[in-house]
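Engineer:
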Amino acid sequence: MDKDEYGLQYWSRGNFIVEDGLVKVNYKSAPSLLEIVEKAEKMGLTTPILIRLPHLIDRQMRKLYDTFNNIMEKEKYGGSFQAVFPLKVNQYSGFLNEFMRYAPKYNYGVEAGSKAELLLAIATNVHKAPITINGFKDREMIELAFLATQIEHNVTLIIESLNELQNILDTAKSFPVAPNIGIRIRLYSYGSGRWAKSGGIDSKFGLTAAEIIQALALLKQAKLLQNFKMLHFHIGSQIGSIYTVQKALREVGQIYTELKKMGAKDLNKLNIGGGLGVDYGQHKASNDRNYTTEEFVSTVVKIIKEVTDEKNIENPIIYTEFGRFISAHHSLLVTSVLELYSQDYCEKHLTLKDKNNPKIIKVLKKIYKKIDKKLGDNGILELLHETTEHLDSIETLFELGYLDLEDRANIEILGQMIIKKILTIIDRQEIFEYVALLHKIEERYLINFSVFQSMPDYWGLNQKFPIMPIHHLDKKAVRPASIWDITCDSDGEIEFDEQAPLFLHDIDLKKKPYYIGFFLLGAYQDILGMKHNLFDRPTELIVDIDEDGFKIRNEEKSKSIIAILDSIGFNRENIFSKFKNQINSLNSRSSQEKDVIFQKINDYFDKDNYLKTDDKQKSNSTDKERHKGSNK
Ligand SMILES: *Cc1c(COP(=O)(O)O)cnc(C)c1O
Numbered sequence: 000m001d002k003d004e005y006g007l008q009y010w011s012r013g014n015f016i017v018e019d020g021l022v023k024v025n026y027k028s029a030p031s032l033l034e035i036v037e038k039a040e041k042m043g044l045t046t047p048i049l050i051r052l053p054h055l056i057d058r059q060m061r062k063l064y065d066t067f068n069n070i071m072e073k074e075k076y077g078g079s080f081q082a083v084f085p086l087k088v089n090q091y092s093g094f095l096n097e098f099m100r101y102a103p104k105y106n107y108g109v110e111a112g113s114k115a116e117l118l119l120a121i122a123t124n125v126h127k128a129p130i131t132i133n134g135f136k137d138r139e140m141i142e143l144a145f146l147a148t149q150i151e152h153n154v155t156l157i158i159e160s161l162n163e164l165q166n167i168l169d170t171a172k173s174f175p176v177a178p179n180i181g182i183r184i185r186l187y188s189y190g191s192g193r194w195a196k197s198g199g200i201d202s203k204f205g206l207t208a209a210e211i212i213q214a215l216a217l218l219k220q221a222k223l224l225q226n227f228k229m230l231h232f233h234i235g236s237q238i239g240s241i242y243t244v245q246k247a248l249r250e251v252g253q254i255y256t257e258l259k260k261m262g263a264k265d266l267n268k269l270n271i272g273g274g275l276g277v278d279y280g281q282h283k284a285s286n287d288r289n290y291t292t293e294e295f296v297s298t299v300v301k302i303i304k305e306v307t308d309e310k311n312i313e314n315p316i317i318y319t320e321f322g323r324f325i326s327a328h329h330s331l332l333v334t335s336v337l338e339l340y341s342q343d344y345c346e347k348h349l350t351l352k353d354k355n356n357p358k359i360i361k362v363l364k365k366i367y368k369k370i371d372k373k374l375g376d377n378g379i380l381e382l383l384h385e386t387t388e389h390l391d392s393i394e395t396l397f398e399l400g401y402l403d404l405e406d407r408a409n410i411e412i413l414g415q416m417i418i419k420k421i422l423t424i425i426d427r428q429e430i431f432e433y434v435a436l437l438h439k440i441e442e443r444y445l446i447n448f449s450v451f452q453s454m455p456d457y458w459g460l461n462q463k464f465p466i467m468p469i470h471h472l473d474k475k476a477v478r479p480a481s482i483w484d485i486t487c488d489s490d491g492e493i494e495f496d497e498q499a500p501l502f503l504h505d506i507d508l509k510k511k512p513y514y515i516g517f518f519l520l521g522a523y524q525d526i527l528g529m530k531h532n533l534f535d536r537p538t539e540l541i542v543d544i545d546e547d548g549f550k551i552r553n554e555e556k557s558k559s560i561i562a563i564l565d566s567i568g569f570n571r572e573n574i575f576s577k578f579k580n581q582i583n584s585l586n587s588r589s590s591q592e593k594d595v596i597f598q599k600i601n602d603y604f605d606k607d608n609y610l611k612t613d614d615k616q617k618s619n620s621t622d623k624e625r626h627k628g629s630n631k
């Protein structure tokens with residue numbers, strides 16, 4: 000395999016490695032993803048399978064705390080660091096319970112943006128780390144925040160409007176203690192990238208300068224100024240450029256010091272929101288962010304220190320609400336290829352005539368034979384040019400009647416054979432200019448998953464996720480691939496993209512399965528996924544890895560069809576009686592036959608909705624790699 004074939008060096012952060020042709024989890028005993036999937040299949044689970052790797056949640060939390068602590072020490076920063084996790088990024092128990100296992104170690108807190116999230120935050124945050132509350136709040140949500148404060152949670156209510164503040168002040172009258180209060184500010188500075196809308200003066204959120212001044216007056220009047228502890232902003236998710244952070248921080252820093260001067264003496268926390276980016280790109284050219292994590296943190300610490308030092312104000316405690324950065328890495332989906340859709344032509348498909356084959360066929364056959372590594376890249380490119388020229392001419396020759404249908408088919412097959420042979424030899428970087436050729440031999444891989452359920456941001460925002468086979472990596476993948484999911488929606492396709500080409504293997508699916516991994520799915524995808532075509536959440540499991548192997552736990556099968564129907568308002572009894580009535584009213588079937596039909600249909604209700612791969616595939620598989628490695 001080319002070293003950078005699937006761009007692991009860009010996106011995997013050393014979390015996954017390729018060894019012996021397999022993708023392995025680069026942690027302790029380093030099991031391969033194939034072993035994990037095969038073990039799950041032995042347990043009766045079927046693909047698609049969402050795998051959660053909790054050690055990667057811990058790794059990201061530690062990375063964040065270590066980076067902030069180291070840089071704060073180096074810069075002699077006077078304040079401390081506190082992280083909270085925004086629940087909207089992933090509320091699923093499969094993630095959140097694992098997150099909460101590590102959270103006490105860091106005193107890691109949570110951020111809530113709705114009543115449901117707040118209740119979940121209070122319930123799961125048993126170590127009582129800080130809770131911040133953003134988003135639009137009604138009286139009920141405000142009262143919940145007060146109740147959480149009564150049970151000694153460290154809560155900060157971050158106001159989005161003066162009206163909210165008024166409600167807080169009113170509610171405070173009937174409670175002995177009030178939560179901390181924060182103000183979200185509306186910045187001039189914009190974010191960048193796909194999610195830029197959260198920042199900027201016309202954003203949905205935050206108070207303007209005039210409103211902040213009014214808020215301060217209201218707090219003073221209500222004698223609650225001492226509860227005003229936090230200034231908050233959020234530029235947007237997946238910040239692409241460090242310049243936007245610099246600009247926003249200078250603006251916020253000014254506001255912070257101004258407020259201190261205006262008498263907000265207990266204000267001591269600056270919450271910079273979320274947005275720390277994740278590298279999703281599999282190719283050098285895809286730049287998700289123009290900074291490293293260290294650079295981001297260093298920019299934050301230095302600017303805040305500089306702005307506050309300048310005004311002789313204590314360095315604030317820095318809060319972050321990074322979500323994507325913490326959760327994206329921990330989960331991936333492995334699923335199987337069901338079918339290859341383009342015909343894979345080779346020599347045996349040629350139907351050459353005994354004589355009078357057109358000259359172009361002889362020429363192409365000669366080119367095919369000539370292709371050899373020894374010719375070097377330039378020699379091969381020359382042959383490629385020649386081939387392209389010939390292929391370009393067949394349309395005209397056909398229209399003019401110089402070729403018949405059989406000739407045309409033969410030429411197309413020969414063309415494919417030549418391009419494929421060249422692709423196995425030549426360095427792909429050289430080939431990219433021949434995009435048209437790649438499209439000519441493009442293969443459509445039908446894959447057992449739903450883009451809408453498992454990668455909704457691909458559908459909604461064209462967000463790319465790393466995709467690669469999890470085995471066969473000791474062989475060069477030569478087919479330019481586009482991916483079809485199993486929904487009946489033409490948006491459920493990941494097209495071959497010349498800028499970010501994906502190559503997959505030529506696999507005889509009748510002989511063995513072919514598994515594809517979709518990575519970095521742990522942020523937003525879990526909760527945004529939708530049930531298009533009634534493909535619900537895939538089977539999922541948690542994998543713990545230690546020195547001796549790995550263990551699968553908390554496996555949860557994809558919902559049965561009847562449960563899915565139930566979730567959209569069709570009750571089981573009702574659906575069953577509709578079936579019973581239809582079958583019972585048949586005159587053409589004996590009652591015994593009717594029972595059999597009903598029983599068979601009944602069984603389908605208890606299966607999940609995903610496609611089932613042929614069992615033959617698995618029993619036929621003799622691939623050596625299937626038996627490699629330890630399987631604990
Ligand atoms: C969405 C959101 C976050 C999380 O952003 P990420 O890009 O996932 O880090 C943090 N804070 C607020 C207020 C948000 O709305």
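Numbering (numbering that gives the first Met the number 0), first residue to last: 0 to 631. Beta carbons: idealized from backbone N, C-alpha and C, even for Gly.
Could you give the uninterrupted runs of the alpha helix (DSSP H) lying entirely in the segment 123–197, keeping only those of 4 residues or more?
Structural biologist: The qualifying runs are 138–149 and 161–171.
Engineer: Checking contacts by CB at 8 Å: is residue 20 closer than that to chain D?
Structural biologist: As a matter of chain content, chain D is missing from the structure shown, which is built from one protein chain.
Engineer: Could you check the C-alpha separation between residue 57 and residue 325 for me, to the nearest Å?
Structural biologist: In the sequence shown, counting from the first residue as 1, residue 57 sits at position 58. In the sequence shown, counting from the first residue as 1, residue 325 sits at position 326. Straight-line Cα distance between these residues: approximately 8 Å.
Engineer: Rounded to whole angstroms, what is the Cα-Cα separation between residue 445 and residue 416?
Structural biologist: Taking the sequence shown and counting its residues from 1, the one referred to as residue 445 is at position 446. Taking the sequence shown and counting its residues from 1, the one referred to as residue 416 is at position 417. Whole-angstrom Cα-Cα distance: 22 Å.
Engineer: For the pair the segment 297–308 and the segment 86–100, tell me if three or more CB-CB distances fall below 8 Å.
Structural biologist: Result no; under three Cβ-Cβ pairs closer than 8 Å.
Engineer: Label residue 307 either buried or exposed according to how many other C-beta atoms from any shown protein chain fall within 10 Å of its C-beta, with 16 as the threshold for buried.
Structural biologist: For the purposes of this step, residue 307 is identified with residue 308 of the sequence shown, where counting begins at 1. It counts as buried.
Engineer: With DSSP as the reference, identify every bridge partner of residue 339, one or two as the case may be.
Structural biologist: Here residue 339 corresponds to residue number 340 of the sequence shown, with the count starting at 1. Partner(s): 444.
Engineer: Is the beta carbon of residue 89 within less than 7 Å of some heavy atom of ligand 1?
Structural biologist: Looking up residue 89 in the sequence shown gives position 90. For ligand 1, not one heavy atom lies less than 7 Å from the Cβ of residue 89.
Engineer: Taking only runs that begin and end inside the segment 50–94, name each unbroken alpha helix (DSSP H) of 4 or more residues, in chain order.
Structural biologist: Segments of the alpha helix (DSSP H) lying fully in the segment 50–94: 54–73.
Engineer: Note down, in chain order, each residue of its chain lying with its Cβ closer than 8 Å to the Cβ of residue 514, except the 5 sequence neighbours on either side.
Structural biologist: Taking the first residue of the sequence shown as position 1, residue 514 is located at position 515. Within the same chain, residue 514 has close Cβ partners 32, 33, 36, 46, 333, 334, 335, 336, 468, 469 and 470.
Engineer: By the DSSP assignment, the alpha helix (DSSP H) with residue 525 in it spans what residues?
Structural biologist: If you number the sequence shown from 1, residue 525 lands on position 526. Residues 524–527.
Engineer: Check whether the segment 115–127 and the segment 340–358 touch, using three or more Cβ-Cβ pairs below 8 Å as the test.
Structural biologist: The segment 115–127 is not in contact with the segment 340–358.
Engineer: Measure the C-alpha to C-alpha separation of residue 610 and residue 54 and round it to an integer number of angstroms.
Structural biologist: Your numbering for residue 610 matches position 611 in the sequence shown. Your numbering for residue 54 matches position 55 in the sequence shown. So the two alpha carbons sit approximately 31 Å from each other.
Engineer: Under 7 Å: does the beta carbon of residue 237 sit that close to some heavy atom of ligand 1?
Structural biologist: Start at 1 with the first residue of the sequence shown, and residue 237 comes out as number 238. The answer is yes for residue 237.
Engineer: Indicate the three-state DSSP secondary structure (helix, strand or coil) for residue 332 in the structure shown.
Structural biologist: The sequence position of residue 332 within the sequence shown is 333, counting from 1. Note: residue 332 maps to strand in three-state DSSP.
Engineer: Would the segment 362–377 count as touching the segment 563–574 if we require 3 or more Cβ pairs under 8 Å?
Structural biologist: Because the criterion of three Cβ pairs below 8 Å is not met, the segment 362–377 and the segment 563–574 do not touch.
Engineer: May I have the straight-line CA-CA distance separating residue 285 from residue 276, to the nearest angstrom?
Structural biologist: If you number the sequence shown from 1, residue 285 lands on position 286. If you number the sequence shown from 1, residue 276 lands on position 277. When rounded, the distance between both Cα atoms is 13 Å.
Engineer: By the 10 Å Cβ neighbour count, where 16 or more other Cβ atoms means buried, how is residue 226 classified, buried or exposed?
Structural biologist: One-based indexing of the sequence shown puts residue 226 at position 227. By the neighbour-count rule (16 or more Cβ atoms within 10 Å), residue 226 is buried.
Engineer: Could you name each continuous alpha helix (DSSP H) segment of 4 residues or more that falls completely within the segment 312–393, going from the start of the chain to the end?
Structural biologist: Here the runs fully enclosed are 323–326 and 358–369.
Engineer: Could you tell me the alpha carbon to alpha carbon distance between residue 51 and residue 541, rounded to whole angstroms?
Structural biologist: In the sequence shown, counting from the first residue as 1, residue 51 sits at position 52. In the sequence shown, counting from the first residue as 1, residue 541 sits at position 542. Taking the straight line joining both Cα atoms gives about 5 Å.
Engineer: Quick check: does the Cβ of residue 147 come within less than 7 Å of any heavy atom belonging to ligand 1?
Structural biologist: Along the sequence shown, read from residue 1 onward, the residue named residue 147 stands at position 148. The answer is no for residue 147.
Engineer: Could you check whether the segment 471–485 touches the segment 551–567, counting it as contact only if at least three pairs of C-beta atoms, one from each stretch, sit closer than 8 Å?
Structural biologist: Contact between the segment 471–485 and the segment 551–567 is absent, because fewer than three Cβ pairs lie under 8 Å.
Engineer: Since residue 186 and residue 251 should fall inside the 8 Å C-beta cutoff, what is the C-beta to C-beta distance between them, to a whole number of angstroms?
Structural biologist: What you label residue 186 is simply residue 187 of the sequence shown in a count that begins at 1. What you label residue 251 is simply residue 252 of the sequence shown in a count that begins at 1. That belief holds up - the Cβ atoms of residue 186 and residue 251 are roughly 7 Å apart, short of 8 Å.
Engineer: Residue 68 and residue 80 look like a contact to me (Cβ under 8 Å); what is the Cβ gap, rounded to whole Å?
Structural biologist: Sequence index remark: in the sequence shown, residue 68 carries index 69 (1-based). Sequence index remark: in the sequence shown, residue 80 carries index 81 (1-based). Correct: roughly 6 Å between the Cβ atoms.
Engineer: Is DSSP giving residue 103 helix, strand or coil here?
Structural biologist: Within the sequence shown, the letter at position 104 stands for residue 103. Helix, per DSSP.
Engineer: List the residues that DSSP assigns as beta-bridge partners of residue 405.
Structural biologist: Residue numbering aside, residue 405 sits at position 406 when the sequence shown is read from its first letter. Note: residue 405 sits in no beta bridge, so no partner.
Engineer: So does residue 29 have its beta carbon nearer than 7 Å to some heavy atom of ligand 1?
Structural biologist: As a first step, residue 29 must be located in the sequence shown, where it is residue number 30. No, Cβ of residue 29 sits at least 7 Å from all heavy atoms of ligand 1.
Engineer: Around the Cβ of residue 319, are there at least 16 other Cβ atoms within 10 angstroms (buried) or fewer (exposed)?
Structural biologist: Position 320 of the sequence shown, counted from the first residue, corresponds to residue 319. Classification of residue 319: buried, given that the 10 Å Cβ count is 16 or more.
Engineer: On the DSSP letters alone, give me the boundaries of the beta strand (DSSP E) that residue 22 sits inside.
Structural biologist: Along the sequence shown, one-based indexing puts residue 22 at 23. Per DSSP, residue 22 belongs to the beta strand (DSSP E) from 21–24.
Engineer: How many angstroms separate the CA atom of residue 385 from the CA atom of residue 442?
Structural biologist: If you number the sequence shown from 1, residue 385 lands on position 386. If you number the sequence shown from 1, residue 442 lands on position 443. Whole-angstrom Cα-Cα distance: 23 Å.
Engineer: In the structure shown, what three-state DSSP assignment does residue 534 receive?
Structural biologist: Position 535 of the sequence shown, counting from 1, holds the residue named residue 534. Coil at residue 534, not helix or strand.
Engineer: Under three-state DSSP, which class holds residue 8?
Structural biologist: Locating residue 8 in the sequence shown gives position 9, counting from the first residue. If DSSP states are grouped into helix, strand and coil, residue 8 belongs with the helices.
Engineer: Check residue 630 in the structure and name its three-state DSSP category.
Structural biologist: Along the sequence shown, read from residue 1 onward, the residue named residue 630 stands at position 631. Model confidence at residue 630 stands at a pLDDT of 39, short of 50, so the residue's coordinates are unreliable and nothing is read from them.
Engineer: Three-state secondary structure (DSSP) at residue 290?
Structural biologist: Within the sequence shown, the letter at position 291 stands for residue 290. Note: residue 290 maps to coil in three-state DSSP.
Engineer: Does the Cβ-Cβ distance between residue 9 and residue 278 come in under 8 Å?
Structural biologist: On the sequence shown, residue 9 is found 10 positions in, with the first residue counted as 1. On the sequence shown, residue 278 is found 279 positions in, with the first residue counted as 1. Yes, the Cβ-Cβ distance between residue 9 and residue 278 is below 8 Å.
Engineer: Would the beta-carbon of residue 532 be found less than 7 Å away from any heavy atom of ligand 1?
Structural biologist: Residue 532 sits at position 533 when you count from the first residue of the sequence shown. For ligand 1, not one heavy atom lies less than 7 Å from the Cβ of residue 532.
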